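If you're matching them up, the sequences are chains D and G in order. Quick note, the first sequence lines up with residues 8 to 177 if you use the numbering used here. Quick note, the second sequence lines up with residues 8 to 177 if you use the numbering used here. Heads up: the structure comes next, in structure tokens.
2 protein chains.
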Amino acid sequence: MEKEIAILRETALFKDLMPEEIRKVMIFARRVSFRADDVIMREGDFGDTLYIILEGTVEVVKRLTLIELDDDSGIEKNKVFTRLSAEQHAVFGEIALLEDTKRTATIKAITDCTFYELKKDDFLRMAAEDYHLGYRILLNLSRIVSTRLRKADEDTIKLTTALSIILKAS
Amino acid sequence: MEKEIAILRETALFKDLMPEEIRKVMIFARRVSFRADDVIMREGDFGDTLYIILEGTVEVVKRLTLIELDDDSGIEKNKVFTRLSAEQHAVFGEIALLEDTKRTATIKAITDCTFYELKKDDFLRMAAEDYHLGYRILLNLSRIVSTRLRKADEDTIKLTTALSIILKAS
């Protein structure tokens, strides 16, 4: 229990929370386990759950293009693969706490994994019981999302630049 | 005053807030005016202020590429121009409430304008006085940011698709 609280406090989501506040959140969260190769979420599916990795490593598979561009090499060229592990204090699926929206990546267990899962409705119930705590978690969450937005905006500018240079040259 | 509260209640930021809650926020905000052609913020500058348009129209100028691609036509081809007005219940600069970060667009007044401005520190002070209110504004704000992130992710996929098709054809 103390070890788990220490892990949760290291995540960007629960940054600056006191151990007793983490304990409060844990009442609304649930411990779940997956086996290696299990798919935890699929891109395009609707989801209402955020996951915090306690043990293990997952693979994040994200579509890069709207069409299939694979050639005969058998390598999936239109997808990007990244890994997240407990050592990184990784959280995924966090947008689900804010919106009823489709998953933007597929997440697969690489090793046996243990997570804390927190559902949107449970987060909202927790916040309704303790707005101070809800506010602080939401401030962390919105900063995570805002950092991702800044990164996505930079990617758009880089891609538009590449596209403009190619179109100008042709 | 009542008219202003009605305008503020129509914004995505203050969605579902009661008039008396809007009044509380207004204590921490400030009414400011700009003349037509005034620059309200410049892309790349640091900012700590969010603006809600009460009267007037602004132009949002956003860089699309990292390099200058203008030709002799005199048209700035590497920028995108959009307009925001009081009729749209527009809010801009909202990321400033979350992070100390650079402005991602230049905003210029097209007509004489009146705004409410809310500074990050004032928002945090307001929230510290009323966490329930802070939580609800933050929930609205994080949903705005998350919607923008989804849109940016879709743009990235579209641009990568275009780039892949061109590179495959060449």
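Beta carbons: idealized from backbone N, C-alpha and C, even for Gly. Model, not experiment: these values are computed from the prediction.
- Listed in chain order, the positions of the region 146-169 of chain G with a beta carbon within less than 8 Å of a beta carbon of chain D are L146, L148, S149, R150, V152, S153, T154, R155, L156, R157, A159, D160, D162, T163, I164, K165, L166, T167, T168, A169.
- For L24 (chain G), the number of other beta carbons within 10 angstroms of its own is at least 16, and it is reported as buried.
- When beta bridges are read from the DSSP output, F88 (chain D) appears opposite D:V68.
- Per the Cβ contact rule, the region 38-54 of chain D is in contact with the region 111-123 of chain D (3 or more Cβ pairs under 8 Å).
- Annotation: the continuous beta strand (DSSP E) that includes E62 (chain G) extends over 56-62.
- Collapsing the DSSP output to three states places R110 (chain D) in coil.
- Secondary structure note for S171 (chain G): its alpha helix (DSSP H) is the uninterrupted segment 138-176.
- Closest by C-alpha distance to V152 (chain G), out of G:R30, G:A19, G:K10, G:M8, is G:A19.
- Taking 8 Å as the CB threshold, A134 (chain D) lines the interface with chain G.
- Only residues of its own chain outside the window of five on either side were considered, and among them T121 have a CB closer than 6 Å to the CB of S40 (chain D), listed in chain order.
- Here DSSP, grouped into helix, strand and coil, assigns R132 (chain G) to helix.
- Residue state for E27 (chain G) is assigned as helix, using DSSP reduced to three classes.
- Sorting G:E28, G:Y142, G:L15, G:G100 by C-alpha distance to the C-alpha of G54 (chain G) places G:G100 at the top.
- A Cβ-Cβ separation of about 7 Å places L71 (chain G) in contact with I164 (chain D) under the 8 Å criterion.
- Judged by DSSP in its simplified three-state form, K10 (chain G) adopts helix.
- Shown here for K69 (chain D): same chain residues with a beta carbon closer than 6 Å to its own, the five before and five after excluded, namely V87, A112 in chain order.
- Chain-order list of chain G residues neighbouring T118 (chain D): empty, with the shortest C-beta distance near 28 Å, by a criterion of under 9 Å.
- As a beta-bridge residue in DSSP terms, K126 (chain D) pairs with D:T56.
- Its chain contains M48, E50, D52, G54 as the residues whose beta carbon lies nearer than 6 Å to that of R110 (chain G), once the 5 sequence neighbours on both sides are disregarded; these appear in chain order.
- With respect to I12 (chain D), R37 (chain D) sits apart: the two C-beta atoms are not nearer than 8 Å.
- In this structure, the CA atom of K22 (chain G) is about 48 Å from the CA atom of A176 (chain D).
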